[in-house]
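Numbering (the UniProt record's numbering), first residue to last: 1 to 87.
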């Protein structure tokens with residue numbers, strides 16, 4: 001299922017991805033550091049959602065208390081919760 005998330009405290013204004021059988025596919029960040037965010041998308045393609053959360057949760061960017069990667073973990077957790085409620 002396709003999910004969309006509005007991150008907080010980072011440059012991108014939208015995170016979209018497919019969560020299929022607990023795996024992440026087709027991750028796209030809208031705005032932000034284009035090269036770095038495309039690299040994150042390539043690295044997590046086909047990865048288990050829980051593994052992405054374990055690897056990236058709590059990652060910070062400069063003086064900020066969050067980062068694009070950390071916000072991705074929030075997006076994934078929200079998607080997992082949404083899908084669990086539908087089941």
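Idealized CB from N, CA, C, for every residue including glycine.
Just to confirm, are residue 48 and residue 32 a CB contact at a threshold of 8 Å?
-> No, these two residues do not count as a Cβ contact at 8 Å.
In the DSSP assignment, find the alpha helix (DSSP H) that holds residue 73 and state where it starts and stops.
-> Looking at the DSSP string, the run of the alpha helix (DSSP H) that includes residue 73 is 68-86.
Which residue or residues does DSSP assign as beta-bridge partners of residue 63?
-> The partner list for residue 63 (beta bridge, DSSP) is empty, contrary to what the question assumes.
Option nearest residue 52 by Cα separation, candidates 72, 34, 62, 61 | Ranking 72, 34, 62, 61 by CA distance to the CA of residue 52 puts 72 first.
Whose C-beta lies closer than 7 Å to the C-beta of residue 56 among residues of the same chain, with five residues either side of it excluded?
-> Only 69, 70, 72, 73 meet the Cβ criterion.
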